[in-house]
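*Asks:* Residue numbers (this note's numbering): 2 to 347.
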Ligand SMILES: Cc1cc2nc3c(=O)[nH]c(=O)nc-3n(C[C@H](O)[C@H](O)[C@H](O)COP(=O)(O)O)c2cc1C
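1) For residue 57, which of helix, strand or coil comes out of DSSP?
2) Just verifying my parser: in three-state terms, what is the DSSP assignment at residue 193?
3) Within the same chain, show all residues whose beta-carbon is closer than 7 Å to that of residue 215, passing over the 5 residues directly before and after it, in chain order.
4) Can you say whether residue 293 is buried or exposed, counting buried as having 16 or more other CB atoms within 10 angstroms of its CB?
5) Which stretch, first to last residue, makes up the alpha helix (DSSP H) that contains residue 11?
6) May I have the straight-line CA-CA distance separating residue 120 from residue 174, to the nearest angstrom?
7) Rounded to a whole number of angstroms, what is the C-alpha to C-alpha distance between residue 76 and residue 25?
8) If you run the structure through DSSP and keep just helix, strand and coil, what is residue 159?
9) In angstroms with no decimal places, state the Cα-to-Cα distance between residue 302 and residue 320.
10) Starting from the Cα of residue 48, find the closest Cα among 18, 7 and 81 and give me that residue.
11) Where does residue 182 land, buried or exposed, given buried means 16+ other C-beta within 10 angstroms?
12) Threshold first: 3 residues or longer. Then list the beta strand (DSSP E) segments lying entirely within the region 94-130, N to C.
13) Kindly indicate the opening and closing residues of the alpha helix (DSSP H) around residue 290.
14) Taking the DSSP output, what are the residues bridged to residue 177?
15) Near residue 225, what residues of its chain come up, given a Cβ to Cβ distance below 6 Å and the 5 sequence neighbours on each side ignored?
16) Quick check: is any heavy atom of ligand 1 less than 7 Å from the C-beta of residue 118?
17) Would you report the Cα separation of residue 102 and residue 194, rounded to the nearest angstrom?
18) Looking only at C-alpha atoms, which of 198, 331, 220 and 200 sits nearest to residue 208?
19) If you count every other CB in all the chains shown that lies within 10 Å of the CB of residue 149, and 16 or more means buried, which is it?
20) What whole-angstrom Cβ distance do residue 155 and residue 190 have, given they're in contact under 8 Å?
21) Alpha carbons only, please: which of 68, 96 and 108 is nearest the one belonging to residue 329?
22) Grab the span of the alpha helix (DSSP H) containing residue 86 for me, first residue to last.
23) Cutting at 6 Å between CB atoms, please list the residues of its own chain near residue 168, excluding the five before and the five after it.
24) Considering just the uninterrupted stretch of the beta strand (DSSP E) at residue 51, what are its terminal residues?
25) Could you compute how far the alpha carbon of residue 234 sits from the alpha carbon of residue 256?
26) Please classify residue 326: does DSSP put it in a helix, a strand, or coil?
Following this line, the structure appears as structure tokens:
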């Protein structure tokens, strides 16, 4: 209430990326998580979900892209998320695309971004991750979302994924292979069978190698896909994912389609939030229909209420992730969803 009536209108008077950077700075400090935790605390054993080797204390997670440097995990945990996905991180630091590159569509509950993997690089990211891991409770799951540098050729992309995977292996609970952001030229081609098979196969080999070397056991791997794929492309992705024994698919990343918006002129980039929801849901249904229990689905796209979560779980998702809904509804959304879930659904 406070957020929607006072905080959000005040924040929306400023440039979206400046507000984002300011918020992340606040959330990365020591004080904010300490202040907000008592207000947002809501736990219930019934919310627990097991996926792959992991137990999530609740199925509501923070989507990738919000915490690209992995500095604000204590706040995500204090807000009540069961897990948070940090990144996308690339081996080398990147500035990303030219600004402005983030836009609100308040009348549609959407955002458009073309950030282009701005991030501090795997070394700095890993330092932050390690620091966060030390202070966070063990039941809070940390996902690391990895991508390729802009300058890396598609043929060498698997090396970039291997680099960040190895770098973050000890502290991550799971990894997400991001081959679906629309703002790095050519990245989505990595969803093609030959590239994807090479990436997933080499990562699973490395996963096994590291499992033997480190104290940390092999990690669950998820693949994050675009909502703009044909059925034939989805069929290939499902098959390659099953063949390489990954845990599941995150469906979906942002869309380059504007079909769910009224005719008009829009910024270029990936569209998220409400206009993405029906497109993402049809991808989730397709995956569940064709992969059944062989792949878990983490559903992402347009969640801004308990009903949206219920729909995602009803069509077969095991876990959900939120980004844009948090911008529009505020941090109280997570507690509200969990409370309604324990009341109505479980
Ligand atoms: C500003 C912004 C930046 C994002 N950056 C990333 C990213 O770095 N990596 C990624 O996998 N997804 C990224 N995403 C996509 C989200 O993780 C999510 O898949 C998408 O926004 C759909 O969920 P939503 O409708 O709840 O926002 C980004 C989304 C937004 C709005």
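Note that beta-carbon positions come from the ideal geometry of N, C-alpha and C, so glycine has one too. Just so you know, these numbers come straight off a predicted model, no measurement behind them.
*Replies:* Considering the structure as presented:
1) In the chain shown, residue 57 corresponds to position 56, counting from 1. Here residue 57 sits in strand by DSSP.
2) Position 192 of the chain shown, counted from the first residue, corresponds to residue 193. Here residue 193 sits in coil by DSSP.
3) Reading the chain shown from its first residue, position 214 is the one you call residue 215. Contacts found: 170 and 171.
4) Stepping through the chain shown from its first residue, residue 293 is reached at position 292. Exposed, by the Cβ-count rule.
5) For this step, residue 11 is matched to residue 10 along the chain shown. Its alpha helix (DSSP H) spans residues 9-12.
6) In the chain shown, counting from the first residue as 1, residue 120 sits at position 119. In the chain shown, counting from the first residue as 1, residue 174 sits at position 173. Between residue 120 and residue 174, the C-alpha separation is close to 20 Å.
7) Along the chain shown, read from residue 1 onward, the residue named residue 76 stands at position 75. Along the chain shown, read from residue 1 onward, the residue named residue 25 stands at position 24. Approximately 9 Å, taken between the alpha carbons.
8) Looking up residue 159 in the chain shown gives position 158. Residue 159: helix per DSSP, three-state reduction.
9) Along the chain shown, read from residue 1 onward, the residue named residue 302 stands at position 301. Along the chain shown, read from residue 1 onward, the residue named residue 320 stands at position 319. Their Cα atoms are separated by approximately 12 Å.
10) Working through the chain shown from its first residue, we reach residue 48 at position 47. Ranking 18, 7 and 81 by Cα distance to residue 48 puts 81 first.
11) On the chain shown, residue 182 is found 181 positions in, with the first residue counted as 1. Looking at its Cβ environment, which holds 16 or more other Cβ atoms inside 10 Å, residue 182 is buried.
12) 103-106 and 111-114
13) The residue given as residue 290 occupies position 289 in the chain shown. Per DSSP, residue 290 belongs to the alpha helix (DSSP H) from 278-292.
14) Here residue 177 refers to the residue found at position 176 of the chain shown. Note: residue 177 sits in a beta bridge opposite 146 and 223.
15) Taking the first residue of the chain shown as 1, we reach residue 225 at position 224. Same-chain partners within the cutoff: 177, 179, 181, 251 and 254.
16) For the purposes of this step, residue 118 is taken as residue 117 along the chain shown, with counting starting at 1. Under cutoff, so the answer is yes.
17) The residue labelled residue 102 in the question sits at position 101 within the chain shown. The residue labelled residue 194 in the question sits at position 193 within the chain shown. Each residue's Cα considered, the two are about 31 Å apart.
18) For the purposes of this step, residue 208 is taken as the residue at position 207 of the chain shown. Closest option to residue 208, judged by alpha-carbon separation, among 198, 331, 220 and 200: 220.
19) Taking the chain shown and counting its residues from 1, the one referred to as residue 149 is at position 148. Around the beta-carbon of residue 149, 16 or more other beta-carbon atoms lie within 10 Å, marking it buried.
20) Mapped onto the chain shown, residue 155 falls at position 154. Mapped onto the chain shown, residue 190 falls at position 189. About 6 Å; that satisfies the 8 Å criterion.
21) In the chain shown, residue 329 corresponds to position 328, counting from 1. Comparing Cα positions, the closest option is 108.
22) Reading the chain shown from its first residue, position 85 is the one you call residue 86. No alpha helix (DSSP H) holds residue 86; the beta strand (DSSP E) holding it covers 84-90.
23) Here residue 168 is taken as the residue at index 167 of the chain shown, counted from 1. For residue 168, where only same-chain residues beyond five positions count, the Cβ hits under 6 Å are 123 and 127.
24) Position 50 of the chain shown, counted from the start, is the residue given in the question as residue 51. Run containing residue 51: 50-52, per the beta strand (DSSP E) assignment.
25) What you label residue 234 is simply residue 233 of the chain shown in a count that begins at 1. What you label residue 256 is simply residue 255 of the chain shown in a count that begins at 1. Going from the Cα of residue 234 to the Cα of residue 256 covers about 16 Å.
26) Position 325 of the chain shown, counting from 1, holds the residue named residue 326. Three-state result, residue 326: helix.
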